[in-house]
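Asks:
Residue numbers (the numbering used here): 43 to 590.
Structure (structure tokens):
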């Protein structure tokens, strides 16, 4: 394609996207195409194969894009007349829109909401010797329009079961009845960097594991939380291969939003709503990734995290020692833990990759407890990607990813051990009302198939996804009445594009979603095949970053 024609093509796409959307999402470089670009370049042999890319953040993605995109035109440092180096970080404006009810996720400080939502972020990076300071706050505003939540028309037994989840996780369907407006510290950090290791304080979003659309423990689905960190900034090479990792300790806070219908009672006269202990939670966790020198392109490792109320902490709870030392809080069931094992295999010759993450919601998994234990709450993320070469350095990309968070046995469902929930630490594995792990949330499953045209950073494609919403609740509430027709299924088709031109990066998507049996509701009627409450939802988002 000639240069003028290519520019007209990009200009047309950009104009159409901005006209259709004027809406969208995130500033972390985890969801605006940059992270996907870096990973894709590894399949093409342009990123060192010793890097597992298992621990991603704004800082790591930003540095990688700076080195890979020559036309990204890194800004000249601000002159200070000293050894202090200062540079401006990209300005990012994102908007998101949902026509009927919330859809999406992996959007940092943005909230699940109907209507338009905007996030703006900019910042500065400074370094002096081994010290560095990154300041990149985020401002979020959401219309937060009213939408249909769990119906009051549902019978009392269904509300009884629904409250088993409401009392075990702080994940409100709706963030209040007014427009939402908030400043977050965003992708900020203060660090001391020594060779391949960095230590410091950060509020950056983290992504742990090999998943591209979902991960079990850490994603950018919730706002970043304040945490201390010790992490590698590049692989550490040893005689048995290279290692990367991170250890964190941080503070999680609540949404302060109360659940609905708090005056409902069960058949014994007990109030369904159980007030939460309004206290901050302490979280500690770690990731370790190993690239064995004998099998190039293979990365294996684990993640783990534990959280508890700070009032129940002892010295041993300060560190991610679950599975090694049983603390007092753990013995008293006052501490919640989860973890995963993962593997990723990169095949540059085939321009392909395979990956899987397998986890437990009740403890850190290892080969012994996976083999010896029988019924335990498990989940997985598994996927693949393959590039088929075209002319002029372009490719067709085929990608698939499958996630299951649904419990496997009726015993587990009845005991209410869904992912990210806990009966004692009743805010669950959340921060400010959003799950730290997969955006799917408790009990949900997803299947994704994506086909795209890619060239360099630029990517245009179609994504098809099927999501089963909280099947744990479905089986607990409706199977007992032998009502098998109420599965809430979201089927979506998404047109997406990531485009880069000189100092601009545009990432956008437009989706049409059919929600079948929305909120597990069907219309009253006779016979087995009743009409479900099916709705159409339109979702759009766009992120525009400019390199200052």
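All residues carry an ideal CB built from backbone N, CA and C; glycine is no exception.
Could you tell me the alpha carbon to alpha carbon distance between residue 295 and residue 266, rounded to whole angstroms?
Replies: In the chain shown, the residue the question calls residue 295 occupies position 253. In the chain shown, the residue the question calls residue 266 occupies position 224. In a straight line, the C-alpha of residue 295 is about 11 Å away from that of residue 266.
Asks: Which residues bound the alpha helix (DSSP H) around residue 515?
Replies: On the chain shown, position 473 is the one that residue 515 refers to. From DSSP, the alpha helix (DSSP H) with residue 515 extends over 513-519.
Asks: Starting from the C-beta of residue 397, find all residues in its chain whose C-beta is less than 6 Å away, skip the five residues before and the five after it, and write them out in chain order.
Replies: Against the chain shown, residue 397 aligns to sequence position 355. Closer than 6 Å at the Cβ level, and outside the excluded window around residue 397, lie 252, 386, 425.
Asks: Tell me, which residues are paired with residue 353 by DSSP?
Replies: Position 311 of the chain shown, counting from 1, holds the residue named residue 353. Partner(s): none; residue 353 has no beta bridge.
Asks: Which of helix, strand or coil does DSSP assign to residue 100?
Replies: Within the chain shown, residue 100 is the residue found at index 58, counting from 1. Three-state DSSP puts residue 100 in a helix.
Asks: Tell me, please, whether the stretch 473-486 touches the stretch 145-158 by the rule of three or more beta-carbon pairs shorter than 8 Å.
Replies: As far as the Cβ criterion goes, the stretch 473-486 touches the stretch 145-158, which means the pair count is three or higher.
Asks: Tell me the DSSP bridge mates of residue 183?
Replies: As a working mapping, residue 183 is identified with position 141 in the chain shown. DSSP output for residue 183 lists 160, 223 as bridge partner(s).
Asks: By the DSSP assignment, the beta strand (DSSP E) with residue 133 in it spans what residues?
Replies: By 1-based counting over the chain shown, the position of residue 133 is 91. From DSSP, the beta strand (DSSP E) with residue 133 extends over 127-140.
Asks: Along the beta strand (DSSP E) that carries residue 334, what are the first and last residues, could you check?
Replies: In the chain shown, counting from the first residue as 1, residue 334 sits at position 292. Segment 323-334, the beta strand (DSSP E) holding residue 334.
Asks: Rounded to whole angstroms, what's the CA-CA distance from residue 98 to residue 350? Just pull it up for me.
Replies: Here residue 98 refers to the residue found at position 56 of the chain shown. Here residue 350 refers to the residue found at position 308 of the chain shown. Looking at the two C-alpha atoms, the distance is approximately 25 Å.
Asks: Going by the CB atoms, is the gap between residue 193 and residue 225 shorter than 8 Å?
Replies: Numbered from its first residue, the chain shown carries residue 225 at position 183. Numbered from its first residue, the chain shown carries residue 193 at position 151. Their beta carbons are not under 8 Å apart, which means residue 225 does not touch residue 193 by this criterion.
Asks: Mind checking residue 250: buried by the 16 CB within 10 Å criterion, or exposed?
Replies: One-based indexing of the chain shown puts residue 250 at position 208. Buried, because 16 or more other Cβ atoms sit within 10 Å of the Cβ of residue 250.
Asks: In this structure, how does DSSP classify residue 67 when only helix, strand and coil are distinguished?
Replies: Reading the chain shown from its first residue, position 25 is the one you call residue 67. Low confidence applies to residue 67: its pLDDT is 33, below 50, so where it sits in the model is not reliable, and the reading given next is rough at best. Note: residue 67 maps to coil in three-state DSSP.
Asks: With burial defined as no fewer than 16 other Cβ atoms inside 10 Å of the residue's Cβ, what is the status of residue 123: buried or exposed?
Replies: For this step, residue 123 is matched to residue 81 along the chain shown. Exposed, by the Cβ-count rule.
Asks: Kindly identify the DSSP beta-bridge partner or partners of residue 550.
Replies: The sequence position of residue 550 within the chain shown is 508, counting from 1. BP columns for residue 550 point to 539, 584.
Asks: Could you tell me which of 587, 565, 191, 409 sits nearest to residue 546, measuring between CA atoms?
Replies: Along the chain shown, one-based indexing puts residue 546 at 504. For the residues 587, 565, 191, 409, the minimum Cα distance to residue 546 belongs to 587.
Asks: What are the residues that DSSP puts in a beta bridge with residue 165?
Replies: As a position in the chain shown, residue 165 is number 123, starting the count at 1. Answer is 131.
Asks: I need the boundaries of the alpha helix (DSSP H) containing residue 198, first residue and last residue.
Replies: Here residue 198 corresponds to residue number 156 of the chain shown, with the count starting at 1. From DSSP, the alpha helix (DSSP H) with residue 198 extends over 198-208.
Asks: Start and end of the alpha helix (DSSP H) containing residue 453?
Replies: Taking the chain shown and counting its residues from 1, the one referred to as residue 453 is at position 411. Per DSSP, residue 453 belongs to the alpha helix (DSSP H) from 452-456.
Asks: For residue 337, count neighbouring Cβ atoms within 10 angstroms of its own Cβ and tell me buried if that reaches 16, exposed if not.
Replies: The residue given as residue 337 occupies position 295 in the chain shown. Its Cβ having fewer than 16 others within 10 Å, residue 337 is exposed.
Asks: Using 8 Å as the threshold, is the C-beta distance between residue 542 and residue 499 below it?
Replies: If you number the chain shown from 1, residue 542 lands on position 500. If you number the chain shown from 1, residue 499 lands on position 457. Taking 8 Å as the Cβ cut-off, residue 542 and residue 499 qualify as a contacting pair.
Asks: If we ignore side chains and look at the alpha-carbon of each, how far apart do residue 492 and residue 290 end up?
Replies: On the chain shown, position 450 is the one that residue 492 refers to. On the chain shown, position 248 is the one that residue 290 refers to. Those two C-alpha atoms are separated by around 33 Å.
Asks: If we call anything under 8 Å between Cβ atoms a contact, is residue 341 one with residue 330?
Replies: Looking up residue 341 in the chain shown gives position 299. Looking up residue 330 in the chain shown gives position 288. The answer is no: Cβ separation not under 8 Å.
Asks: Report buried or exposed for residue 464, applying the criterion of at least 16 other Cβ atoms within 10 angstroms of its Cβ.
Replies: Translated into positions along the chain shown, residue 464 becomes position 422. It counts as buried.
Asks: Measuring alpha carbon to alpha carbon, tell me which residue in 389, 461, 380 is nearest residue 429.
Replies: The residue given as residue 429 occupies position 387 in the chain shown. If we check each option's Cα against that of residue 429, 389 comes out closest.
Asks: Do you know offhand how far residue 554's Cα is from residue 278's?
Replies: The residue labelled residue 554 in the question sits at position 512 within the chain shown. The residue labelled residue 278 in the question sits at position 236 within the chain shown. Their Cα atoms are separated by approximately 45 Å.
Asks: Which residues does DSSP list as the beta-bridge partners of residue 494?
Replies: Reading the chain shown from its first residue, position 452 is the one you call residue 494. Partner(s): 439, 503.
Asks: Where do the ends of the alpha helix (DSSP H) carrying residue 411 lie?
Replies: In the chain shown, counting from the first residue as 1, residue 411 sits at position 369. Residue 411 -> alpha helix (DSSP H) spans 409-414.
Asks: Once the 5 residues before and after residue 560 are set aside, which same chain residues still bring their CB inside 6 Å of it?
Replies: Position 518 of the chain shown holds residue 560. Correct list, in chain order: 575, 577.
Asks: Should residue 549 go down as buried or exposed, given a rule of 16 or more other Cβ atoms within 10 Å for buried?
Replies: Residue 549 sits at position 507 when you count from the first residue of the chain shown. That one is buried.
Asks: Label residue 153 either buried or exposed according to how many other C-beta atoms from any shown protein chain fall within 10 Å of its C-beta, with 16 as the threshold for buried.
Replies: For this step, residue 153 is matched to residue 111 along the chain shown. The residue is buried, with at least 16 neighbouring Cβ atoms inside 10 Å.
Asks: From the DSSP secondary-structure annotation, give me the bridge partner or partners of residue 303.
Replies: Locating residue 303 in the chain shown gives position 261, counting from the first residue. Per DSSP, none; premise fails for residue 303.
Asks: Helix, strand or coil for residue 110, going by three-state DSSP, please let me know.
Replies: Within the chain shown, the letter at position 68 stands for residue 110. Residue 110 falls in the helix class under three-state DSSP.
Asks: So, with DSSP's three-state summary, where would you put residue 574?
Replies: Numbered from its first residue, the chain shown carries residue 574 at position 532. Looking at residue 574 - three-state DSSP - the assignment turns out to be strand.
Asks: Taking residue 272 and residue 239 to be in contact with their CB atoms under 8 Å, please state how far apart those CB atoms are, rounded to whole angstroms.
Replies: For the purposes of this step, residue 272 is taken as residue 230 along the chain shown, with counting starting at 1. For the purposes of this step, residue 239 is taken as residue 197 along the chain shown, with counting starting at 1. Right, the Cβ-Cβ distance comes to about 7 Å (below 8 Å), so this counts as a contact.
Asks: What first and last residue would you give for the beta strand (DSSP E) that runs through residue 430?
Replies: Counting from one through the chain shown, the residue named residue 430 turns up at place 388. Unbroken beta strand (DSSP E) run through residue 430: 420-431.
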